Structures are given as C-alpha cells and as structure tokens.
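Under the working numbering, the first residue of the sequence shown is numbered 48, with each subsequent residue one higher.
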Amino acid sequence: HFEGKGRHWAKIDDYVQKPSAEVVGAEPREVAVMNGLSANIHLMFVPFYRPTKDRFKVVMEAKAFPSDRYAVESQVRFHGFDPADAIILISPRDGEETLRDQDILDVIEKHGSSTALVFMPGVQYYTGQAFDIASITAAAHKHGSMAGFDLAHAVGNLHLKLHDWGVDFACWCTYKYLNAGPGAIAGCFVHDRHAEDASLHRFAGWWGHDEATRFDMTKPFKAEPGARGFQLSNPPILQCVTLIASLEIFTSAGIKNIRRKGVTLTAYLICLLEANCGSHVTVVTPKEPNSRGCQLSVRLDRPVKPVFASMSEAGIVCDMREPDVIRLAPCPLYNTFAEVHAAVDKLAKLL
Numbered sequence: 048h049f050e051g052k053g054r055h056w057a058k059i060d061d062y063v064q065k066p067s068a069e070v071v072g073a074e075p076r077e078v079a080v081m082n083g084l085s086a087n088i089h090l091m092f093v094p095f096y097r098p099t100k101d102r103f104k105v106v107m108e109a110k111a112f113p114s115d116r117y118a119v120e121s122q123v124r125f126h127g128f129d130p131a132d133a134i135i136l137i138s139p140r141d142g143e144e145t146l147r148d149q150d151i152l153d154v155i156e157k158h159g160s161s162t163a164l165v166f167m168p169g170v171q172y173y174t175g176q177a178f179d180i181a182s183i184t185a186a187a188h189k190h191g192s193m194a195g196f197d198l199a200h201a202v203g204n205l206h207l208k209l210h211d212w213g214v215d216f217a218c219w220c221t222y223k224y225l226n227a228g229p230g231a232i233a234g235c236f237v238h239d240r241h242a243e244d245a246s247l248h249r250f251a252g253w254w255g256h257d258e259a260t261r262f263d264m265t266k267p268f269k270a271e272p273g274a275r276g277f278q279l280s281n282p283p284i285l286q287c288v289t290l291i292a293s294l295e296i297f298t299s300a301g302i303k304n305i306r307r308k309g310v311t312l313t314a315y316l317i318c319l320l321e322a323n324c325g326s327h328v329t330v331v332t333p334k335e336p337n338s339r340g341c342q343l344s345v346r347l348d349r350p351v352k353p354v355f356a357s358m359s360e361a362g363i364v365c366d367m368r369e370p371d372v373i374r375l376a377p378c379p380l381y382n383t384f385a386e387v388h389a390a391v392d393k394l395a396k397l398l
C-alpha cells in the first residue's frame, strides 16, 4: 500500500522521465513532467523569451490555440511591449486553410533580426496540419532566435526527434494521444545545451533544486541540471501513475510503429472519405503524410452539429468545430481499420 511495485513517492517522476524522453526523441534529463500545458509555456518563456529593444518579436501562427495566444500576449505585455508590434502572425494564403512551409520560413527570414522567439505548434489543433519542426528550428537559429513548440497534438502522435532537431524548448499535455486522462500532468523539454546554463532566468521552486541536496533545505537555490531544474513542486502522484500506465504501452509498442500505423489509418480514412462522401466533404488536413498526424479535419457541406449528434448516438467518438468541421482521429493504439470503415459508412449515410 505504501510502496507500490517498489516505487517511492519522492522518485515518482523518475518513472516517467525516460519513457517520456523516448516518445519525444530526447535525452532523459531534457524532459520533466510538471504542471499543466499553459503553465509550462509561461515557465519556459521566462528563460527563452528575453526581449531587448531591438530583438523583441515572437513569431507564431495566426490561428494558434487560444490559450497559446493568451499566454504569448500576456508575456509580451509583461515585458513592456505591445502585442500589435511584438507578435508576428503567420496566416494561410487567401483561399487556403493551411500554412505553406515556405511561407513560414519566409516570415522567419523577414523578421529574423528583430525576433526573440519563434513559437509554433507541432500540429495545428484545428486543421491537423503537422509542421516541419526541424526546418522551423533551423530557420530560427540562423538568425539567433530561440525556437519553442507546443506539442499538445503532436506528442504520442508524430515521431518526434526534439534533441536531434535542436529545439530549445517544448511543452505538451498528456491527455490526448498519451491517454493519461483529463487533467493529467503535462511535460516539457529543454535542450541539453541549456542543461547547465546558470545564466538562464527561471521561476524556481524546491522541486527544481539539485536532487542530491533537495531535502537539506539549503540555500541558495541550485538547479537540477536539465528540464527538471524548472520544476516547482513535487509532481502529483496519481497523475504520474496514470501517465506511467500509458507510457508503458508506448514503450512496448514503440513510437515508430505507432506512427507507421497512424499514417496508414489516416490514408485509409482519406480514401474512404473521397470514395464514399464525394463532394459532400473536403479534407482540410494536408494529405501529404509528413504534414499530418492522426487527426483529419473534414469540412462538411452542411451544418456540423446534427451530423455530429448522429455520429455520437451511433457510438462513434469524434469532435466538431462549428459551423461545419468534424475532426476524425483514428488512434493506432486502439482503433482498427474496420472501425474507420464503419465511421465513414455512417458519415456517408448522414450526408
């Protein structure tokens, strides 16, 4: 009752650190579990958004998830800048719904000398577009900017290589593709080149103190090297336990295999939608495998709410965005090709 498979509460984050690192393509000390996603974004802006008079801009997509937009705007204001001047928004071209890779790189190039941080998602929450994290990071670094990512819809979905790509920081939740449950603890990544940089600003807490002397209650603060040096309080035990259960499955299956099946499932879904739903639907998500994850955003030729209600009544779990978009996301861990076929068959009968 008190130890549970030999796991001690004070070491609970040890059991999620290595498998989390494997999922995001990182070294173990580059990863920490803590807080929630938006809170971690704020904590990562402390060391990695250091605006100056000449270099103060944040480059991000125009249709970012609202919480990301709120976080960035509040950080910019906190540092004394006007979001209208400091936030550079990248929008799709007229008549298009997703961003072109080259357009992203062109904006970074245009504002390079005045940009402090490029902050993008790994996968766009509405369209399901997956971004070229490696190229975006390289473009930011070319001009001396930091590169950070919100991986809420990418972790457990894409085959990530954060260390190899040189990403400065990344944050994610664990209740989507990682299946750790609503409100589960979030994660963050800090590249190893920053692991022992004492000059980094941070908001510190006792759980970020060097583990060897953490319980000595000594002063001054000495950061644990790596991402765990940004932790504030001890991680909630029950939240970590649900994450452990999920990560054991990811370790067993392997993220490469999960991604491979995910690509095949969505390719099958696209084929079925085109064959059975015809002009009644438009797949918003890019069809190129490298530019999508498991999610396909599908625009209907009619209001989505009644269609979504009927799908739900039939036991088909999907998601809607009014007025006309339904999001289908077959998960390779537990969805089958037969289930994908059944979902499209039901959708076709409703259109």
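Backbone N, C-alpha and C fix where the C-beta goes; we use that ideal spot for every residue, glycine too. In this text, all values refer to a predicted model and were calculated from it rather than measured experimentally.
Under the rule that 16 or more other beta-carbon atoms within 10 Å means buried, what is N337, buried or exposed? Classification for N337: exposed.
Using the Cα positions of S161 and P130, report the straight-line distance between them to the nearest angstrom. Distance between the alpha carbons of S161 and P130: 14 Å.
Once you ignore the five residues that flank V78 on each side, which residues in its own chain have a CB closer than 7 Å to its CB? Q64, S67, A68, V71, G234, F236, A274
Quick check on the burial criterion: 16 or more other C-beta atoms within 10 angstroms. Buried or exposed for D263? Label assigned to D263: exposed.
Counting only the same chain and skipping the five closest in sequence on each side, list residues whose C-beta sits under 6 Å from that of W56. I284
Between the Cα of V372 and the Cα atoms of A177, D132, D148, P353, which residue gives the shortest distance? P353
P267, buried or exposed, once every other Cβ within 10 Å from all chains shown has been counted against 16: exposed
When the Cα atoms are used, what is the spatial distance from L136 to R54? 46 Å
Give the range of the beta strand (DSSP E) segment to which F166 is assigned. 162-168
Hey, which unbroken runs of the beta strand (DSSP E) at 3 residues or more fall wholly within the segment 110-181? 134-137, 162-168
Could you tell me which residues DSSP puts in a beta bridge with C218? According to DSSP, which records beta bridges pairwise, C218 is partnered with D197, C235.
Which residue from A361, R374, D257 puts its Cα closest to that of L320? R374
Can at least three beta-carbon pairs, one atom from the segment 209-220 and one from the segment 88-97, be found at a separation below 8 Å? yes
Hey, which unbroken runs of the beta strand (DSSP E) at 3 residues or more fall wholly within the segment 364-389? 366-368, 372-375
Hey, could you find the ends of the beta strand (DSSP E) M91 is sitting in? Looking at the DSSP string, M91 is not in any beta strand (DSSP E); the run it does join, the alpha helix (DSSP H), is 84-95.
Meets three-Cβ-pair contact criterion under 8 Å: the segment 343-360 and the segment 185-192: no
Mapping the DSSP letters down to three states, classify S246 as helix, strand or coil. coil
Which residues bound the beta strand (DSSP E) around V106? 104-108
Have a look at F112, P113, Y117, Q122 and flag the residue whose alpha-carbon is nearest the alpha-carbon of K104. Q122
Pull the bridge partners of H256 from the DSSP assignment, please. A270
Which of helix, strand or coil does DSSP assign to T332? coil
Cα separation between F250 and V93? 7 Å
Is V119 near I134, with beta carbons less than 8 Å apart? For the 8 Å CB-CB criterion, V119 and I134 form a contact.
If we ignore side chains and look at the alpha-carbon of each, how far apart do A322 and E271 end up? The straight-line gap from Cα to Cα measures roughly 55 Å.
Any chance the segment 308-316 sits against the segment 143-159, with 3 or more Cβ pairs inside 8 Å? no
Just the C-alpha distance for C378 and T145, rounded to the nearest angstrom, thanks. 22 Å
Under the assumption that N226 contacts S293 (Cβ atoms under 8 Å), give the Cβ distance between them as a whole number of angstroms. 5 Å
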